[in-house]
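Take 472 as the starting number for the sequence shown in this note's numbering and just add one per residue. Working notes, structure below.
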Amino acid sequence: MNLLVIGGGGREHAIIKKLRENPRVETIWCLPGNGGIAADAECVPIGAKDIDAICSFAGSHPIDFAVVAQDDPLALGCVDRLHALGIPCFGPEAKAARIEASKVFAKDLMKKYHIPTAKYRVFCKAEDALAFLETASFPIVLKADGLALGKGVLIVQDWEEACSAVSALMEEKRFGEAGSRIVIEEFLTGPEVSVLAFTDGKTICPMVSSMDHKRAGDGDTGLNTGGMGTVAPNPFYTADVASQCMEEIFLPTVQAMQEEGCPFKGCLYFGLMLTPQGPRVIEYNCRFGDPETQVVLPLLKTDLLTVMQAVEEERLHEISVEWHSDAAACVILASGGYPSAYEKGKEIFLPSSLPDNVTVFHAGDRLNDGKLFTSGGRVLGVTACAKTLREALDDAYAAVGQIHFDQMMFRHDIGQRALRALGD
Ligand code: AMP
Ligand code: GLY
Numbered sequence: 472m473n474l475l476v477i478g479g480g481g482r483e484h485a486i487i488k489k490l491r492e493n494p495r496v497e498t499i500w501c502l503p504g505n506g507g508i509a510a511d512a513e514c515v516p517i518g519a520k521d522i523d524a525i526c527s528f529a530g531s532h533p534i535d536f537a538v539v540a541q542d543d544p545l546a547l548g549c550v551d552r553l554h555a556l557g558i559p560c561f562g563p564e565a566k567a568a569r570i571e572a573s574k575v576f577a578k579d580l581m582k583k584y585h586i587p588t589a590k591y592r593v594f595c596k597a598e599d600a601l602a603f604l605e606t607a608s609f610p611i612v613l614k615a616d617g618l619a620l621g622k623g624v625l626i627v628q629d630w631e632e633a634c635s636a637v638s639a640l641m642e643e644k645r646f647g648e649a650g651s652r653i654v655i656e657e658f659l660t661g662p663e664v665s666v667l668a669f670t671d672g673k674t675i676c677p678m679v680s681s682m683d684h685k686r687a688g689d690g691d692t693g694l695n696t697g698g699m700g701t702v703a704p705n706p707f708y709t710a711d712v713a714s715q716c717m718e719e720i721f722l723p724t725v726q727a728m729q730e731e732g733c734p735f736k737g738c739l740y741f742g743l744m745l746t747p748q749g750p751r752v753i754e755y756n757c758r759f760g761d762p763e764t765q766v767v768l769p770l771l772k773t774d775l776l777t778v779m780q781a782v783e784e785e786r787l788h789e790i791s792v793e794w795h796s797d798a799a800a801c802v803i804l805a806s807g808g809y810p811s812a813y814e815k816g817k818e819i820f821l822p823s824s825l826p827d828n829v830t831v832f833h834a835g836d837r838l839n840d841g842k843l844f845t846s847g848g849r850v851l852g853v854t855a856c857a858k859t860l861r862e863a864l865d866d867a868y869a870a871v872g873q874i875h876f877d878q879m880m881f882r883h884d885i886g887q888r889a890l891r892a893l894g895d
């Protein structure tokens, strides 16, 4: 079988490596891919948002199955267009991708179907938002409606910060048109859990839970990033919490999307907060999370392509998806300065071999004359799997010590909160 994967980050590399485990897989084309993915797939320099170019490539190559892994092409209807060409795909069509692409859609859905989430109001005018904030209690959370690379969320502590946040989102349009409408919501507290789930629109099959580390610096300091590291499973996500989430959140979400006439097929990501009042949805994503995928997929025992095909053919209930009982840890190596300005073009030095339980997923790099150079903020994800989380972390950090590029930056405390929760 020949496959097409749309995207070019660590998530796509993790997906491709897993798909490669299936002996039926022949060629994998990745659009655009990156320097490291080039070792596992044929990378073609077509941007993931260039839907016309993607479709003309897909129409002229013998593709049996496509995986659209990134949010923008999903929101832009890449799956709808590939379906129109007769190509089976893993990923939601555009109207289902709204669950991530519009926070207002997601919040209104949760309200209508009584899915637990933070209380909220929607505003289209800065003056109305400010009038509401005058009597609000702080901290409070402001979110741009549209896609903003995970950076359109501002938590403000007082009235002054609220005014500058409204102005940044709605007047300066720091996140472009994504900020034309904003959601203002109640500030919640509690441990965060990421749950990715396979769903074919009717059946939902949650994957191993995970924990992201979103802030740039050690001790959860600094700016929010796309994610600086992950561990799986998440020790806060107990069997009781899992069954409560299934009943109150996962199944109701799948049913809600069906009733709204936009059944969700693909990977549905639940960003959850375990508040003292119970689990609440912080966000939905219409795709695999990154770097969550870099710890979750290595623990998948069942063949990924088989699961993806069952999702597309709406027969997920027929298969059983199995997981290894190990723990996994991923440490992201980023360019110094990320998520603010950073330099690119630094040569990457990797060891000639790594232990079997360690994998380096490539996110922001490019190949030039057989050498790898940095080309993005998050450059590499170093994942280790082991019997315990402590061993996985030790092995991941040991591998990090063997990797180098100028101004390489990473968090030194990935997994510490999870270890404390495990009493380790
Ligand atoms: P999001 O992009 O919606 O996941 O938000 C990014 C981060 O902001 C989340 O991972 C949370 O840490 C934080 N956050 C978002 N919404 C809330 C909320 N209602 N209360 C507290 N923290 C929040
Ligand atoms: N790691 C968070 C996300 O993928 O949105």
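No residue lacks a Cβ here, since even glycine has one placed at the ideal position from N, Cα and C. Nothing here was measured: the structure is a model prediction, and the numbers come from that model.
Answer yes or no: do H466 and F876 have a C-beta to C-beta separation smaller than 7 Å? There is no way to answer for residue 466, as the model of the chain reaches only from 472 to 895.
Is any heavy atom in the ligand AMP found nearer than 6 Å to the beta carbon of E648? Every heavy atom of the ligand AMP is 6 Å or more from the Cβ of E648, so no.
Taking C-alpha atoms, which residue in K578, E631, V782 and V712 lies nearest to K673? V782
Any idea which residues DSSP pairs D551 with across the strands? None, per the DSSP bridge assignment.
Those runs of the beta strand (DSSP E) which lie wholly inside the region 554-607 and span at least 3 residues: Whole beta strand (DSSP E) segments, 3+ residues: 591-594.
L545 and G562: beta carbons closer than 7 Å? yes
How about A805 and V766: do their beta carbons lie closer than 7 Å? Result no, Cβ atoms of A805 and V766 do not sit closer than 7 Å.
Considering only heavy atoms of the ligand GLY, does any lie closer than 6 Å to the CB of G760? yes
Is A589 near the ligand AMP, in the sense that its beta carbon is under 6 Å from a heavy atom of that ligand? yes
Roughly how many angstroms lie between the CA atoms of P440 and G481, to the nearest whole one? Here the chain has residues from 472 to 895 only, and residue 440 is not among them.
Boundaries of the alpha helix (DSSP H) in which K489 is found, first to last residue: Unbroken alpha helix (DSSP H) run through K489: G481 to R491.
Considering only C-alpha positions, which residue in the set L745, A615, Q729 and V612 is nearest to I675? Q729
Measure the beta-carbon distance from E570 to C549 and round it to whole angstroms, keeping in mind my assumption that it falls under 8 Å. Per the sequence shown, residue 570 should be read as Ile rather than Glu. Not a contact, Cβ separation roughly 16 Å.
State buried or exposed for P706, treating a residue as buried only when at least 16 other CB atoms are found within 10 Å of its CB. buried
Can we count N756 as close to the ligand GLY, meaning its CB is less than 6 Å from some heavy atom? yes
Kindly give me the distance between the Cβ atoms of G661 and L739, rounded to whole angstroms, as I take these residues to be in contact under 8 Å. No, G661 and L739 are not in contact; Cβ-Cβ is about 21 Å, not under 8 Å.
Compare the Cα-Cα distances from D865 to each of A855, K582 and G742 and report the closest residue. Checked all of A855, K582 and G742; the closest Cα to D865 is A855.
Confirm, please, whether the CB-CB distance from D761 to N505 is below 7 Å. One thing to note: N505 has its Cβ no nearer than 7 Å to the Cβ of D761.
Endpoints, beta strand (DSSP E) assigned at R888: Unbroken run through R888 is the alpha helix (DSSP H), Q887 to A892; no beta strand (DSSP E).
Between A589 and the rest of its own chain, which residues show a CB-CB distance below 8 Å, the 5 nearest in sequence each way excluded? V612, E656, E657, F658, L659, R751 and I753
Which residue marks the beginning of the alpha helix (DSSP H) containing I522, and which one marks its end? Element bounds for I522: I522 to G530.
Is the beta carbon of G698 within less than 6 Å of some heavy atom of the ligand GLY? G698: yes, Cβ under 6 Å from the ligand GLY.
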